[in-house]
Amino acid sequence: MATEHHGTVETTQAPHGQEGGGGLPQLQFQHWGGQIVWLLLIFAVLYTVLAKVLLPRVSGAIETRGAKIAGDIADARRLKDEAEVQARAAAAEVAEARAKAQKTAADAKAKASAEAAERQAKEEAVLAEKLSAAEARIQASRDAAMGHVRAVASETAGAIVEKLTGKAASAAELKASLA
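Counting in this note's numbering, the sequence shown runs from 16 upward without gaps.
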């Protein structure tokens, strides 16, 4: 851009390399005093906001969470202890029930064995009675058969003697020969 003053042209542009004062103001170290003041001021404000507002909120949340976690852990331990006590009680009840069941089974087995032995003894007595009655019948039949055998033998012997000798033998002779 050029402007005209009394016949001469004057330029408002700076020569090359010096445009706008030489770059970023943050990197111009001739003004470092103001930059340090602003740095300290911003640091102080940020520190105050962090220390007085944000960090207490965060630490409060952390403490609240820590207390809740500690409470939950204490509750979990208490519940675990209660569960262990209940598990031991249940195991004792199961063992007691198992012992009762085994005793009941043993008693039932003993009772059944006693009843079976009693039935067996009764059956053996009945069978022994039947056996002795049968033996008595057999003995009676045998005695009767032997009695018939003597009579048949006596008749047969009499018939043989009569056939061989031609005369009949007396009853006393037949009885003496069979004895």
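Even glycine gets a Cβ: it sits at the ideal position worked out from N, Cα and C.
Query - R93 Cβ short of 6 Å to the ligand COA heavy atom set - result: Annotation note on the ligand COA: not contained in the displayed structure, which lists no ligands.
Query - Rounded C-alpha distance that separates G81 from I88 - result: 10 Å
Query raised in the report: So what does DSSP say about L39, is it helix, strand or coil?
Result: coil
Report task. Using the Cα positions of R103 and V109, report the straight-line distance between them to the nearest angstrom. Result -> 10 Å
Query - Delimiting residues of the alpha helix (DSSP H) encompassing Q50 - result: W47 to V64
Query raised in the report: Exposed or buried, what is L189 when buried is set at 16 or more other beta-carbons lying within 10 Å of its beta-carbon?
Result: buried
Query raised in the report: Out of L193, A184, V73 and A85, which has the shortest C-alpha to C-alpha gap to V164?
Result: L193
**Report entry** Three-state secondary structure assigned by DSSP to A174
**Finding:** helix
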